[in-house]
Amino acid sequence: MSDLFDFDKPDLYAVMGNPINHSKSPQIHTAFALETGQKLEYTAIHVDVGGFNQAVSHFQGHGGKGLNVTVPFKLDAWKLADTLTDRAKRAGAVNTLVLNKNGEIVGDNTDGVGLVNDIVDHLGWEISQKRVLILGAGGASRGVIGPILDKKPLTLSIVNRTASKAIELARLFSDMKDKETQSIDAGGYESLTDQQFDLVINATAASLHGEVPPLPDNLLAPDGYCYDMMYAAQPTAFMQWAAQHGVTNISDGLGMLVGQAAESFNIWRGIRPSVAPVIQSIQASM
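Mind the numbering: the sequence shown is residues 29 to 314 in this note's numbering, read in order.
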């Protein structure tokens with residue numbers, strides 16, 4: 029029978045990036061679909077730099093319903109979307125596209141929600157009324173600051189090797205300061221002397237190169253938390269630094285990866301999958 033009359037075909041979703049061969053997204057979304065009884069097919073698509081818009085158009089033309097977008101195309105996706113959610117506008121980047129039947133493309137960003145849900149719901153840590161520090165002022169930081177501020181930390185500080193970048197990022201979110209979040213400040217790493225934090229989030233790529241930003245020894249308050257947005261089979265350099273400094277609450281970013289995927293899945297399918305079993309299964313396979 030012709031494909032025209034094959035109403036039983038699975039809905040098509042994919043992740044686009046470059047490189048993409050190590051993506052865990054197909055494994056994650058396939059597990060979500062099995063758990064929730066959704067009929068869909070999720071693949072990883074390698075896209076050449078400069079070819080993102082064409083790749084999306086081709087995927088949409090073949091009936092694609094939604095896309096995840098990873099490095100280096102999050103800004104391209106932001107520019108391509110006809111409509112942006114408020115959190116995508118804030119983030120300045122898009123990692124989730126909804127491809128509507130009428131041709132409209134809606135851009136969203138689930139990175140920050142994925143991070144916050146992992147920290148609060150999965151790990152059981154606190155953000156509310158805590159002193160939070162973010163290391164790095166690139167796209168990874170900008171994507172998560174809004175949802176962190178929604179949880180009303182006592183203070184939020186951003187540090188970066190180039191202090192001006194951190195200061196600009198803090199300025200972008202300065203309107204979110206209120207009675208509960210007393211300050212949103214920024215500077216270079218040298219500004220960290222004599223300050224202590226309850227939660228430190230590493231949003232730099234330093235861990236991928238086995239490096240740790242220049243951090244003072246007394247950075248963490250007693251019972252503090254350290255979270256690395258990167259993940260690997262072994263503890264990252266930042267996680268090792270935290271353990272060497274007596275921190276016991278330490279996590280990598282695998283739960284954030286699964287969490288942002290769960291949020292994307294919910295946007296597309298209207299159903300929220302369980303994250304814990306998927307995190308465990310990926311950890312086992314690593």
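Virtual Cβ for every residue (Gly too), placed ideally from N, Cα, C.
{"Query": "Alpha-carbon spacing of Leu108 relative to His57, whole angstroms", "Result": "24 Å"}
{"Query": "Per-residue burial, Thr124 [other beta carbons within 10 Å of its own, 16 or more giving buried]", "Result": "buried"}
{"Query": "Terminal residues of the alpha helix (DSSP H) in which Glu69 lies", "Result": "First-last for Glu69: Leu68 to His74, but that is the beta strand (DSSP E), not the alpha helix (DSSP H)."}
{"Query": "Segment limits, alpha helix (DSSP H) that includes Thr58", "Result": "Ser53 to Thr64"}
{"Query": "Contact the region 281 to 300 vs the region 136 to 143: 3+ CB pairs below 8 Å", "Result": "yes"}
{"Query": "Unbroken alpha helix (DSSP H) run spanning Asn96, endpoints", "Result": "First-last for Asn96: Gly92 to Val97, but that is the beta strand (DSSP E), not the alpha helix (DSSP H)."}
{"Query": "Start-to-end residues for the beta strand (DSSP E) that takes in Met44", "Result": "Asp39 to Gly45"}
{"Query": "Under the three-state DSSP convention, the category Pro250 falls into", "Result": "strand"}
{"Query": "Candidates Arg170, Val99 and Val126, of which the one nearest Leu112 by Cα", "Result": "Val126"}
{"Query": "Limits of the unbroken beta strand (DSSP E) element including Asn277", "Result": "Asn277 to Ser279"}
{"Query": "One or two residues paired with Gly135 in a DSSP bridge", "Result": "Leu112 and Leu125"}
{"Query": "Chain-order list of residues whose beta-carbon lies under 8 Å from that of Pro54 (same chain, five-residue window excluded)", "Result": "Val43, Tyr70, Thr71 and Ala72"}
{"Query": "Segment contact, 8 Å Cβ cut-off, at least three pairs: the region 194 to 208 with the region 237 to 251", "Result": "no"}
{"Query": "Reference Ala231; option with closest CA among Val84, Asn188, Gly252 and Asn128", "Result": "Asn188"}
{"Query": "Distance CB(Lys52)-CB(Leu285) smaller than 8 Å", "Result": "yes"}
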